[in-house]
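Chains W and V supply the protein sequences, listed in that same order. Numbers in the working numbering are just positions in the first sequence, counted from 1, shifted up by 315. Numbers in the working numbering are just positions in the second sequence, counted from 1, shifted up by 72. Heads up, the beta-carbon is just placed ideally off N, CA and C, and yes, glycines get one too. Structure first, commentary second.
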Amino acid sequence: MNIPRNWRLQQQRYRLEGEVCEKCGARIFPARDICPECEAPAKTPLVFSGKGEVYSYTTVHTPPQGFEEFAPYILALIQLEEGPLITAQLTDVDADHVDIGMPVEMVTRKVQGGGAEGPIVYGYKFRPVLHATVHAAPHE
Amino acid sequence: MSDTTTILRPEHPVGIVGYGAYVPRYRLPAREVSRVWTGGYGGTPIKEKSVPGPDEDVVTMSIEAARNALARAALPDPALIRAVWVGSESHPYAVKPTSTIVAEAIGATPHTQAADWEFACKAGTEALQAAIGFIGSGMARYALAIGMDTAQARPGDALEYTAGAGGAAYLLGPAEESLAVFEGSFSYVTDTPDFWRRAYQHYPSHGGRFTGQPAYFKHITAAARGLMDALGTSPADYTYVVLHQPNAKFPKSAAKKLGFTPEQVKDGLLVNEIGNVYAGSSLIGLAAVLDEARPGDRLLLVSYGSGAGSDAFSLRVTEAIVERQGRAPLTREYVARRVEIDYATYVRFTGKLRK
């Protein structure tokens with residue numbers, strides 16, 4: 316368990332905070348301070364909407380250390396509404412109900428339980444969209 | 073009227089600007105508990121209870137409820153929230169606040185108060201009461217009060233049928249921005265040893281039948297009557313009443329004793345489908361009622377926490393409710409999102425069984 320590393324990534328993991336390139340407008344996740352599209356410095360934070368769709372997925376039966384308590388779990392590539400393709404777990408869904416192209420939304424969940432004594436690591440996962448009208452409602 | 077029976081009312085009027093519920097998707101039917109522990113004999117106090125998934129706890133559930141409350145409020149900037157208070161008896165850490173994690177996730181940090189509240193099942197309304205004072209005194213414009221639990225029960229105990237998971241978040245602010253305005257509140261607290269959990273114990277203990285008359289009924293009715301007497305209201309003035317719901321029987325019979333009709337009770341009664349969600353119990357009932365409420369409706373909310381005490385609140389719904397109801401998932405949408413599990417899956421999900 317690396318406390319400083321998890322602490323540094325909190326904004327990214329809790330809220331899906333990335334960056335936007337002020338020069339070309341590309342939305343960047345995770346934050347990398349240089350725009351992968353136009354190579355300009357990009358340091359303006361942007362909280363992503365959390366909406367996206369399943370690009371591809373698999374089921375993990377043999378998890379890496381630290382994830383044992385959640386296995387088997389579904390790992391997916393999510394195409395975010397703003398463009399970036401990210402890796403994340405799916406939650407609140409069974410593997411036989413997942414389809415490529417399925418609309419999903421970000422939720423904050425336990426990613427590592429920390430055992431009885433360690434810190435709990437929270438972060439983004441995705442689940443099937445719960446409430447369709449929230450999608451359609453304009454942001455005020 | 074003497075000062076000791078005067079209702080609690082802030083300097084500046086305060087209301088609910090946004091609210092949001094959360095219930096996990098898993099359900100354990102009461103007949104499963106009965107199958108394992110009584111051979112299927114005996115009645116069950118409810119139909120089924122909600123169970124948190126393996127990656128859920130009071131932190132993650134509070135974050136989702138808080139996001140729903142913020143979506144309804146359409147607050148321009150979450151940094152305006154000057155307090156994030158989470159009431160629960162299942163905080164994931166013994167030492168380290170739930171509330172700082174929730175505050176960080178919703179973007180309320182760093183210029184905010186954050187604290188975890190404890191008072192058995194009324195920790196959530198305790199936070200609500202404090203938030204009214206915090207805003208009503210002018211110290212803050214917005215404050216977030218959450219009641220959320222993943223309730224624990226000893227395997228085979230009567231509580232195992234009902235100890236559920238869920239709750240609701242309330243963003244409080246000035247009355248003029250609110251979807252429902254607090255008309256007043258009133259609390260009734262005594263030292264009553266009906267239910268407790270000692271330090272380092274996994275499961276609570278209780279006084280069996282002692283949890284009824286001298287505990288739940290006495291405090292709920294005293295707080296409700298005290299508030300209505302002071303406000304000069306009667307049960308007929310309210311469209312809805314929401315009481316703490318440890319099982320299906322208690323709230324119905326307390327409401328009847330107070331003079332309310334089953335019609336006034338039914339929309340806020342979720343216990344049969346999600347169980348007793350402890351600090352979230354009365355607050356999620358209120359969320360279900362706000363999903364249905366119309367401008368002008370009056371609501372009575374009364375919590376109960378073992379140990380023991382009740383907080384009663386009278387609310388008047390405003391025009392703002394109409395456009396805000398649909399901005400986030402409705403409470404009944406969470407209740408309807410239902411995946412039934414068996415007792416074995418339940419003991420794995422709730423950590424009663426580990427590899």
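Helix, strand or coil at residue i [DSSP, three-state]
| i | result |
| --- | --- |
| Leu341/V | coil |
| Glu354/W | coil |
| Gln509/W | Absent from the structure is residue 509/W, since the part of chain W shown begins at 316 and ends at 455. |
| Tyr372/W | strand |
| Leu299/V | helix |
| Ala451/W | Interpretation of Ala451/W is limited by its pLDDT of 40, a score under 50 that renders its predicted location unreliable; the figure taken from the coordinates is listed afterwards. Helix, per DSSP. |
| Gly423/V | coil |
| Val408/W | coil |
| Val167/V | coil |
| Ser74/V | Because Ser74/V sits at a pLDDT of 49, beneath the cut-off of 50, its placement in the model cannot be relied upon, and the point is left open. |
| Tyr95/V | The sequence given here places Val at residue 95/V; Tyr does not occur at that position. In the structure shown, Val95/V sits in coil (DSSP, three-state: anything other than H, G, I, E or B). |
| Asp363/V | helix |
| His291/V | helix |
Residue i, enclosing alpha helix (DSSP H) - first and last residue
| i | result |
| --- | --- |
| Leu142/V | Val130 to Ala145 |
| Ile393/V | Ile393 to Arg396 |
| Phe322/V | Lys321 to Leu330 |
| Ala102/V | Ala102 to Trp109 |
| Pro319/W | Ile318 to Arg323 |
| Val349/V | Counting along the chain, Val349/V falls outside any alpha helix (DSSP H), and DSSP gives it neither H nor E. |
Span separating the alpha-carbon of residue i from that of residue j
| i | j | result |
| --- | --- | --- |
| Thr181/V | Ala175/V | 6 Å |
| Ala452/W | Ala351/V | Confidence in Ala452/W is poor, its pLDDT being 41 and thus under 50, which makes the residue's placement too unreliable to answer from. |
| Asp363/V | Val95/V | 15 Å |
| Ile393/W | Pro418/W | 9 Å |
| Ala327/V | Thr283/V | 17 Å |
| Pro434/W | Gly428/W | 7 Å |
| Val86/V | Phe258/V | 15 Å |
| Phe363/W | Ile135/V | 16 Å |
| Met73/V | Leu342/V | At Met73/V the pLDDT is 46, less than 50, meaning the model places this residue with poor confidence; the figure from the coordinates comes in the next sentence. Taking the straight line joining both Cα atoms gives about 37 Å. |
| Ala137/V | Ala151/V | 17 Å |
| Ala384/V | Gln285/V | 18 Å |
| Val313/V | Thr197/V | 15 Å |
| His316/V | Phe267/V | 15 Å |
| Leu147/V | Thr78/V | 33 Å |
| Glu337/W | Leu142/V | 28 Å |
| Val449/W | Arg270/V | Confidence at Val449/W is low in this model, with a pLDDT of 44, below 50, so its placement is unreliable and the value that follows should be read with caution. Spanning the two alpha carbons is a distance of roughly 43 Å. |
| Tyr91/V | Ser386/V | 16 Å |
Within chain W, the residues that residue i reaches when beta carbons sit closer than 7 Å
| i | result |
| --- | --- |
| Ile135/V | Thr423 |
| Gly179/V | Arg330 |
| Glu176/V | Gln325 and Tyr329 |
| Arg97/V | Asp407 |
| Ile173/V | Tyr437 |
Interface partners of residue i on chain A, CB under 7 Å
| i | result |
| --- | --- |
| Val123/V | Judged by its chain identifiers, the structure shown contains no chain A, and its protein chains are W and V. |
Range of the contiguous beta strand (DSSP E) that encloses residue i
| i | result |
| --- | --- |
| Glu198/V | From DSSP, Glu198/V is part of no beta strand (DSSP E) but of the alpha helix (DSSP H) over Ala195 to Gly208. |
| Pro360/W | Thr359 to Val362 |
| Arg154/V | Ile153 to Gly159 |
| Phe441/W | Val436 to Pro443 |
| Ala241/V | Ala237 to Pro246 |
| Thr262/V | Ala252 to Thr264 |
Neighbouring residues, chain V, relative to residue i (Cβ below 8 Å)
| i | result |
| --- | --- |
| Ile435/W | Asp129, Val131, Pro164 and Tyr165 |
| Leu361/W | Ordered by position in chain V, no residue passes the 8 Å Cβ test against Leu361/W, which lies about 13 Å from the chain. |
| His446/W | Ala400, Pro401, Leu402 and Glu405 |
| Thr406/W | Gly125 and Asp127 |
| Phe385/W | Pro126 and Asp127 |
Residues that residue i contacts on chain V, provided the C-beta gap is smaller than 9 Å
| i | result |
| --- | --- |
| Lys440/W | Asp127 |
Proximal residues of chain W, C-beta to C-beta of residue i below 9 Å
| i | result |
| --- | --- |
| Arg409/V | Asp407 and Leu445 |
(message) For the pair the segment 204-217 of chain V and the segment 434-442 of chain W, tell me if three or more CB-CB distances fall below 8 Å.
(response) no
(message) Using a Cβ distance threshold of 8 Å, determine whether the segment 232-249 of chain V contacts the segment 112-120 of chain V, with at least three qualifying pairs required.
(response) yes
(message) Counting beta carbon pairs with one atom in the segment 386-402 of chain V and one in the segment 215-234 of chain V, are three or more of them shorter than 8 Å?
(response) no
(message) Assess contact between the segment 164-171 of chain V and the segment 78-93 of chain V, defined as three or more Cβ pairs (one per stretch) separated by less than 8 Å. Is contact present?
(response) no
(request) Report yes or no: do three or more beta-carbon pairs, one from the segment 151-165 of chain V and one from the segment 126-134 of chain V, lie closer than 8 Å? (result) yes
(request) Could you tell me whether the segment 321-339 of chain V touches the segment 283-295 of chain V, where touching means 3 or more Cβ pairs closer than 8 Å? (result) yes
(request) Count the CB pairs spanning the segment 360-377 of chain V and the segment 184-199 of chain V that are closer than 8 Å, and state whether there are at least three. (result) yes
(request) Would you be able to state if there are at least three C-beta pairs under 8 Å between the segment 403-411 of chain V and the segment 95-105 of chain V? (result) yes
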